[in-house]
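Note sheet for the following structure.
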Amino acid sequence: MAPNTAALSNDLKNNIDVGLGQVESPASRVISRKELASHSTRESCWVSINGRVYDVTGFEHEHPGGEIILTAAGQDATDVFSAFHSASNYKLLPRFLIGILEDSDTTSSTDKYHSPEYIADIRKMRADLTRLKAFDSSKLFYAYKVGTNVSIAALAFFVTLRANSIVQVWLGAALLALFFQQCGWLAHDFLHHQVFKNRVYNNLMGLIVGNVFQGFSVSWWKMKHNHHHAAPNVTETAAGGDPDIHTYPVLLWSEKIIEGSSDEISTLPKFLVNNQSIFYFPILCMARVSWLIQSILFQTEPAWNFVGGNKWRAVELVMLAVHHITYVWLVAQLKSWSHVISFVILSQGLGGLLIGVVFTVGHNAREVLTDQEMRDVDFVRLQVKTTRDIDPSAFNQWFSGGLSHQIEHHIWPTIPRHNLPKAREILMEFCKKHEIEYLSQGLVEGN
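Residues in the sequence shown are numbered from 25 upward in steps of one, following the working numbering.
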């Protein structure tokens with residue numbers, strides 16, 4: 025079938041590098057799906073978006089999201105591009121255009137998941153959400169969330185500074201742990217650009233809530249978390265596998281992670297793996313300390329890994345220092361070493377556990393896919409197959425900071441958390457129509 029070149033804008037058609045001599049125009053070059061799939065490596069990375077094929081080889085060092093672009097190598101990236109980018113980013117694509125994807129209108133497809141009706145229903149979901157203004161945030165809601173988080177911190181400081189007994193120390197530590205957890209969800213919202221249309225404002229608020237309040241590097245978190253969104257529960261891609269499941273040997277989420285690696289199998293700590301149910305919660309208690317260390321180590325990464333290069337790195341370092349200096353000062357006010365040790369262990373350990381029991385529910389015991397299995401599903405099915413929601417309730421929605429709607433968040437990450445219930449209704453109807461399993465469980469059951 026001939027490509028649908030009529031869909032190309034005039035700007036796109038004019039953006040052709042003719043060079044010297046006769047060169048085939050990207051607007052006339054037809055690229056088969058097989059050829060697209062063959063360019064799936066770091067050395068040769070092609071992607072298709074809306075039926076057009078782009079060569080983005082080497083662009084990961086310029087790309088604000090870094091190597092995340094490689095997770096879509098050799099694939100249709102239409103929906104993942106839409107999920108992560110604003111409308112203004114489409115104007116940047118023509119410089120990479122190399123051709124039109126064969127059968128890009130998919131009208132002859134017999135696969136129900138590539139049928140015109142299925143594709144149209146995916147596009148309709150976004151259109152319906154746009155019509156419902158689901159992508160528009162309530163600034164009042166987020167002012168309330170910032171205010172309540174700061175209030176929790178103030179109460180934690182008040183209790184800790186006045187603590188005379190070990191029980192008061194524990195209470196102050198528990199409140200600080202809750203503050204760390206709630207700031208995790210708030211930084212998450214800002215850094216997914218859910219709050220402001222101007223992404224600079226989101227990043228600046230992310231610095232305050234992420235680096236200062238939590239002690240986590242914004243650039244480290246973005247690199248890690250966006251990679252997770254693009255390839256959830258996927259063992260390997262051209263950019264590496266989902267970092268959230270590559271926790272071997274501490275936690276082994278699936279045998280697929282070590283399949284084919286005789287060295288890893290031979291060195292498998294069988295006692296640790298066989299008793300993961302026992303070690304699971306103690307390991308989650310270490311999560312926050314691990315992320316604090318990773319955030320510091322990340323500051324040695326190349327400048328292109330940072331949102332704003334070396335200038336941003338300098339700001340991050342200062343703000344991380346503010347967090348750690350403030351924490352050390354608070355701990356130094358305690359009256360005995362037993363109070364100090366109790367406070368540090370509980371505030372950091374409980375802080376990790378409160379975050380861990382939420383984010384693991386989203387993907388724990390869901391399907392783990394290989395790179396090829398990821399290629400066999402579209403973006404929406406990938407997210408639904410590898411993700412689960414937490415049954416909605418007032419407590420779950422507050423405690424999990426919007427991650428109770430993890431599936432919807434993964435498909436439309438820029439929808440503010442207070443609008444995710446609208447997305448849930450639309451997505452559940454879509455999944456029912458197309459016979460796609462949609463899983464929602466309780467917070468306790470999911471762990």
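All residues carry an ideal CB built from backbone N, CA and C; glycine is no exception.
Query	Result
Unbroken alpha helix (DSSP H) run spanning tryptophan 361, endpoints	361 to 387
CB-CB length for glutamate 141 against valine 54, believed under 8 Å	With a Cβ gap of about 25 Å, glutamate 141 and valine 54 do not count as contacting.
Buried versus exposed, by CB contacts within 10 Å (16 or more), serine 314	exposed
Straight-line Cα distance separating tyrosine 137 from phenylalanine 403	11 Å
Validate contact between the segment 385 to 398 and the segment 244 to 259 using beta carbons, cut 8 Å, 3 pairs	yes
Reduced DSSP secondary structure (H/G/I, E/B, other) of valine 104	helix
Beta-carbon proximity of glycine 375 to arginine 312, cut-off 7 Å	yes
Contact the segment 208 to 227 vs the segment 179 to 197: 3+ CB pairs below 8 Å	no
Beta-bridge pairing of valine 339 - partner residues as DSSP gives them	Note: valine 339 sits in no beta bridge, so no partner.
Enclosing beta strand (DSSP E) for glycine 123 [first to last residue]	121 to 125
Sheet register partners of arginine 500 (DSSP bridge)	In this structure the chain extends from 25 to 471, so residue 500 is not present and cannot be described.
Given 8 Å, three or more beta-carbon pairs between the segment 158 to 165 and the segment 93 to 111	no
Closest by C-alpha distance to lysine 148, when choosing among Lys456, Glu469, Leu451	Leu451
Alanine 197 beta carbon less than 7 Å from that of phenylalanine 367	yes
Same chain only: Cβ atoms within 6 Å of leucine 276, ignoring 5 sequence neighbours per side	Val297
Best match in Phe419, His270, Asn250, Val174 for proximity to glutamine 238 [C-alpha to C-alpha]	Val174
Same chain, Cβ closer than 8 Å to lysine 246, five either side skipped, listed in chain order	Gly89, Leu215, Val331
C-alpha gap between valine 236 and leucine 116, whole angstroms	34 Å
Distance, proline 273 Cα to phenylalanine 295 Cα	11 Å
Local Cβ density within 10 Å of aspartate 415, reported as buried at 16 or more and exposed below that	exposed
Pairwise C-alpha distance: serine 360 and threonine 65	56 Å
Exposed unless 16 or more other CB atoms sit within 10 angstroms - verdict on histidine 387	buried
Distance, lysine 409 Cα to leucine 393 Cα	9 Å
Of the listed residues Ala97, Glu84, Phe165, Val352, nearest to lysine 58 (C-alpha basis)	Ala97
Helix, strand or coil at serine 464 [DSSP, three-state]	strand
For valine 191, three-class secondary structure by DSSP	helix
Own chain, CB closer than 8 Å to isoleucine 232, minus 5 neighbours either side, in chain order	Met343
Cβ pair leucine 444, histidine 429 closer than 7 Å	yes
Distance between beta carbons of proline 50 and aspartate 213, contact taken as under 8 Å	Not really, about 38 Å apart at Cβ, beyond 8 Å.
Nearest to serine 68 (by Cα), restricted to the options Gln323, Leu60, Ala211	Leu60
Serine 64 in three-state terms, based on DSSP	strand
Delimiting residues of the alpha helix (DSSP H) encompassing phenylalanine 295	294 to 298
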